[in-house]
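Please read the structure below before turning to the comments.
Numbering (my numbering), first residue to last: 190 to 299.
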């Protein structure tokens with residue numbers, strides 16, 4: 190009976206640790222995808238290619254919705270992305286790049 194308890198406990202611990210690490214990897218992948226799209230958007234804004242930047246900014250906002258935890262940081266970063274997107278739509282490269290770089294720093298802090 191003691192062997193059965195130890196085996197059951199070992200199996201339970203293995204599943205628990207596996208589930209936690211898979212969640213951490215998935216969360217990290219969402220942050221990485223968000224950062225990747227944002228970096229591409231910044232590059233496109235600096236090149237004054239606003240149509241390509243618009244696509245990457247939409248992808249950034251979509252990927253950021255999948256980030257779990259750190260709601261306050263994600264909200265601030267998303268607000269900066271939106272401000273950068275508005276500035277890009279009006280053709281203001283410097284202001285847009287500044288806002289997007291703020292968002293990038295916030296996402297990298299996650």
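Every residue gets a Cβ at the ideal spot worked out from N, C-alpha and C, and that includes glycine.
Integer Cβ distance of residue i from residue j, believed to fall under 8 Å
i, j, result
"residue 291", "residue 269", "5 Å"
Neighbourhood of residue i by C-beta distance below 6 Å, restricted to the same chain and skipping five residues each side
i, result
"residue 266", "292, 295, 296"
"residue 284", "276"
Own chain partners of residue i with C-beta closer than 7 Å, once the 5 adjacent residues on each side are dropped
i, result
"residue 230", "242, 245, 246, 249, 289"
"residue 304", "This structure gives no information on residue 304, because the portion of the chain shown stretches from 190 to 299."
"residue 226", "245, 248, 249, 252"
"residue 314", "No information on residue 314 is available, as it lies outside the stretch 190 to 299 that the chain covers here."
Short Cβ contact (8 Å threshold) for residue i with residue j
i, j, result
"residue 219", "residue 264", "no"
Cβ-based neighbour list, residue i, same chain, cut-off 8 Å, excluding 5 preceding and 5 following
i, result
"residue 286", "231, 234, 235, 273"
"residue 224", "293, 296, 297"
"residue 278", "239, 243"
Problem set entry | Touching by the beta-carbon criterion (3+ pairs, under 8 Å), the segment 234 to 241 and the segment 258 to 268 | no
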